[in-house]
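Novice:
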């Protein structure tokens, strides 16, 4: 094979220049050639030149089926074409080999670095996804095709716009950009490639070699890096071995270029869309659905056949030039690394890995300039019941509705579902927009809300929904990745589009920052025209202090009219040198001890002279609803407000407007903030117990003063958390279930009393709390609090063991308030009390707080020993609970049953470990004996070959009874297959305590629960109780009786409830029955589709039910994550990939490579200590010394190597 040949003269001239630190093209050795980037009208079509090297790129998209293993992810492919340039002195097969080599490097740098959020390409999980393809054509090669093609690919991705699509049954509609605005791809980061060439035995290093230099180089080093200094790919060639100093030099130079090019790419795309209107297509594109299951992630895209695409413009002819050369990449199999480099790569805490790795996963936080992450998209037909709560832990919330409405005003101290603060509905709190388009002399005013739903048309006064009489936007959709929610509004009659972005900071481990009483609302307005528009956004709401819905009168038409406001006052304020402007709402005429008394603020931040802020403190009398008319006439005139001063009105309507000019095709952000402070919480107490957040802020205005200066950091840290989860290799439905149920922590279900203790209802009804007392047998199930906010979890343990527990060890399963008042015995729960012991063990392990354990040890012993007392649960002390066992089914089981006994076995095992650690050998020995005996007995007597069942005992005689006995007590389980019979085993897995019974029996039980309890449809199912699953929906029944049902089983047997379903699914996943577990979880989330139910509230006995947060356990089960701060040990399961982890005090990510020879552990927030690290199936790795990883230190990442 003959390659391009350099003459001796050419060689001598080039090398002499290099020795003199010069280059023939007059560049310095560390200087790159000039880069020119040009876009065409078609989104994703870009032309890039690097010097005279010329590459064009075109992004295209098509709809296809996802891979079974990644049901919620789309695809990206890259295809490089060099057929437009001549094959000078090069045999054809070598040319193809070279193209495939380049294509492979681009694939690794782009596709395998996760720079594109593939889950954002999901249309319908498991069925339809977008497939993105980048076609690259090399028009001229004057050296370094790789870098030029890399830049072209990134520009194309960032420039491309993805059409909106909707799926209705078998009908798929792809909207034109006239119908619905196309959206940018979600680019997580920019993996920029930088190529270096080495000369004269490696003594000289050049960046960006041209064609002459490539022909003479002794070797090359290509590094792909992003703006976070994370390595996304490394490639080397030649016979040289590189030293550490050379690699570090290349890294340093490369990072400088990465920062420059990242900013350059962002800027040129932004500038393009500011000045040029993209081509629009009047009709939806025609596509076909293909199956991509035969694609191989590791295969080269260059051999793939062409597929139908939505948009693909003609590629212009190639300007073939005569003087063309090819970069000949040496075979990577001949790589040579010195020992220094090998050692450096193996231990580098910046995640530098050797070029022998076939892929590099990259999890990255998203820059604030990027769109918020999207986990789930809801089209216009699935918005009716969406209500995303905006508020902190224990602060109450107001919800952002799926159409942009503000609903469920629960910022006071009580639940208030559907409460709009008013009755007539036309002046419920709302935001509106005014637009003045000079060319048409048109002025348009609309409410920032999507269309009225058809079910809201009928009402005896024609007003079934709030703000029914206001003009609205015709099109709406909703995107979410909790706590982020985005409403997309558009209208063919409007020259603008609006995105309403709502969130509240949620930062694991930081309870204070996650407990701020604020609703952040960004109104992002896009000018769709070629002229300057005057746009004003206005928020309007009545001062409803004192009017939380608890007080009302019934009007003549039957309406419940809220009362309680009394001469409330609105005051306009400014702060931060006029940047903070807003209206402060209070009342001096309401009893300051009233639970409904407090303060509210509606504010905005203005940092530009372009913005004009106006306000109104009240409107005219509301006789015949004139108040709204008066406001509308004022605002719709020119988008400004004219204050009338404080008029006499108990609940005056305040309005705050911000007016700006928006440039052609420009975007402006209008930030608004609703803050509040209602300090007088009573909950189930007869006296005020207060709110912890109210001890941090004196009033609603103070919330703004303390929060807004730090809001950018709070938002970024929240994005870090969400993006880290979204970038992890958990199935999409697990991410959805885990994240969307965290809303329970912010709902009125959960609150913090003034001293900081976390308290909770079981859930909430529309206007009342449901089931008081931080019920132990309900709150045993969820794991989110412990693994996200460890210190909050410890306050719950304090309540259980030091307030709810009596001297004899009996623990009230519902605690009374205030805590300062002596508790009255109200009852124990066998499952609740034993579960609290396991939670104590879990929280001690996660925190490593020995003082916490020692302080509570005597109480722990008492609580466990209560089971051994006369007439208790295990009076004969044989490790089996036979006594009357009150439990979470709100009944008492008589006789041994799996639900209570697995909790008991878990408590015994946890107590054994804690006692051994404390040095209480006698108690440890007793617990160990009881566990061994009880575990054996349960397997031998309760397992029936398929699952565990109950052995009923006559409460009068103490003798076992047959299920057919006419005297069997009511409300038992008997031979039923219970959905959560293994809940104690799930908790044992979470605590890393191992199996509580035969692992074979446990696995069989999981299979039997799916076999007997799962229904594909509920159309034929009889249910005499509550219906949480209806019609063609699917799910897991609470119980089934394949061996014969009792006449009157426990009450909830015919229902299906999500918290119990998650428990069964988690156990399936722990048993490697992953598809079965995913099937159950997908069934749950399919029911919460936005139309039928709210995706952000899974009810049981009330909305936002505490047990629903068992969904967080799905992430623990999938990753196999365990952490013990006591032994400084972290472990993961047998799956490979990138996994988010958290232990309640820190969080980050762990990438386990495919062959399990390495794990890269990173801390993003907090501090974690590691001395032992394990992967299932590998021997535990003991580090040479204890390592402390901290987000505030230089050491954030640790690489652990395992033997093959």
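In UniProt numbering, the protein residues as written are 1 to 1204.
From the three backbone atoms N, C-alpha and C, an ideal C-beta is built for every residue, glycine too.
Alpha carbon to alpha carbon, how far is residue 142 from residue 248?
Specialist: One C-alpha to the other measures close to 27 Å.
Novice: Do residue 1056 and residue 1077 have their beta-carbon atoms positioned less than 8 Å apart in this structure?
Specialist: no
Novice: Would you say the segment 1112-1127 touches the segment 405-418, given that touching needs at least three Cβ pairs under 8 Å?
Specialist: Between the segment 1112-1127 and the segment 405-418 there are fewer than three C-beta pairs closer than 8 Å, too few to call the two in contact.
Novice: Tell me the DSSP secondary structure of residue 122 in three-state form.
Specialist: Three-state DSSP puts residue 122 in a strand.
Novice: Output the distance between the C-alpha atoms of residue 1214 and residue 713, rounded to the nearest integer angstrom.
Specialist: Residue 1214 lies beyond the stretch modelled for the chain, which goes from 1 to 1204, so this question has no answer here.
Novice: Using DSSP with H/G/I as helix, E/B as strand and the rest coil, what is residue 273?
Specialist: helix
Novice: Distance, Cα to Cα, residue 854 vs residue 907?
Specialist: Looking at the two C-alpha atoms, the distance is approximately 17 Å.
Novice: If we ignore side chains and look at the alpha-carbon of each, how far apart do residue 744 and residue 1097 end up?
Specialist: 7 Å
Novice: Between the C-alpha atoms of residue 156 and residue 57, what's the straight-line distance to the nearest angstrom?
Specialist: 6 Å
Novice: From this set, 205, 858, 891, 946, which residue's C-alpha is nearest residue 914's C-alpha?
Specialist: For the residues 205, 858, 891, 946, the minimum Cα distance to residue 914 belongs to 858.
Novice: Using DSSP bridges, identify the partner residues of residue 894.
Specialist: Per the DSSP secondary-structure output, residue 894 pairs in a beta bridge with 884.
Novice: Considering only DSSP beta bridges, list what residue 446 is partnered with.
Specialist: 433
Novice: In terms of DSSP beta bridges, what is residue 523 paired with?
Specialist: 500, 670
Novice: Is the beta carbon of residue 1133 less than 8 Å from the beta carbon of residue 1111?
Specialist: no
Novice: Does the beta-carbon distance from residue 253 to residue 192 come in below 8 Å?
Specialist: Not in contact: residue 253 and residue 192 (Cβ atoms no closer than 8 Å).
Novice: How close, in whole Å, do the beta carbons of residue 1127 and residue 1158 come, if the pair is a contact with beta carbons under 8 Å?
Specialist: About 22 Å separates the two Cβ atoms, so there is no contact after all.
Novice: Note the first and the last residue of the continuous alpha helix (DSSP H) segment covering residue 642.
Specialist: Run containing residue 642: none; DSSP gives neither H nor E here.
Novice: Note down the Cα distance separating residue 786 from residue 172, rounded to an integer number of angstroms.
Specialist: 43 Å
Novice: Which residues bound the beta strand (DSSP E) around residue 69?
Specialist: First-last for residue 69: undefined, no H or E at that position.
Novice: Taking the alpha helix (DSSP H) that residue 1062 belongs to, which residues open and close that run?
Specialist: 1058-1070
Novice: At the level of alpha carbons, what is the spacing between residue 1215 and residue 911?
Specialist: Here the chain comprises residues numbered 1 to 1204, so residue 1215 is not present and cannot be evaluated.
Novice: Given 8 Å as the limit, is there contact between the segment 548-560 and the segment 505-517, that is, 3 or more CB pairs closer than that?
Specialist: Touching, no, given that fewer than three Cβ pairs across the two stretches are closer than 8 Å.
Novice: Under the rule that 16 or more other beta-carbon atoms within 10 Å means buried, what is residue 324, buried or exposed?
Specialist: A caution first: residue 324 carries a pLDDT of 29, below 50, which makes its placement in the model unreliable, though a value can still be read off. Label assigned to residue 324: buried.
Novice: Which two residues bound the contiguous alpha helix (DSSP H) that contains residue 1085?
Specialist: 1074-1087
Novice: What ranges does the beta strand (DSSP E) occupy inside the segment 1106-1148, keeping only unbroken runs of at least 3 residues that lie completely in it?
Specialist: 1122-1124, 1129-1132, 1137-1142
Novice: Which two residues bound the contiguous beta strand (DSSP E) that contains residue 469?
Specialist: First-last for residue 469: undefined, no H or E at that position.
Novice: In three-state DSSP terms, what is residue 1006?
Specialist: helix
Novice: Taking all protein chains shown into account, decide if residue 1201 is buried (16 or more other Cβ within 10 angstroms of its Cβ) or exposed.
Specialist: exposed
Novice: If you drop the 5 nearest sequence neighbours on each side, which residues of the same chain put their C-beta closer than 6 Å to that of residue 90?
Specialist: For residue 90, the predicted model reports a pLDDT of 42, less than 50, meaning its position is unreliable; a value from the coordinates is still stated below. Taking residue 90 as the centre and dropping the five residues before and after it, the same chain places no C-beta closer than 6 Å to its C-beta.
Novice: DSSP three-state label for residue 222, please.
Specialist: strand
Novice: Do you know offhand how far residue 803's Cα is from residue 938's?
Specialist: 33 Å
Novice: Since residue 978 and residue 898 should fall inside the 8 Å C-beta cutoff, what is the C-beta to C-beta distance between them, to a whole number of angstroms?
Specialist: 7 Å
Novice: Between residue 762 and residue 782, what straight-line distance do the alpha-carbon atoms span, to the nearest angstrom?
Specialist: 12 Å
Novice: With 16 as the cutoff for other CB atoms within 10 Å, does residue 873 come out buried or exposed?
Specialist: buried
Novice: Once the 5 residues before and after residue 800 are set aside, which same chain residues still bring their CB inside 7 Å of it?
Specialist: 776, 811, 836
Novice: Thinking C-beta only, is residue 726 closer than 8 Å to residue 216?
Specialist: no
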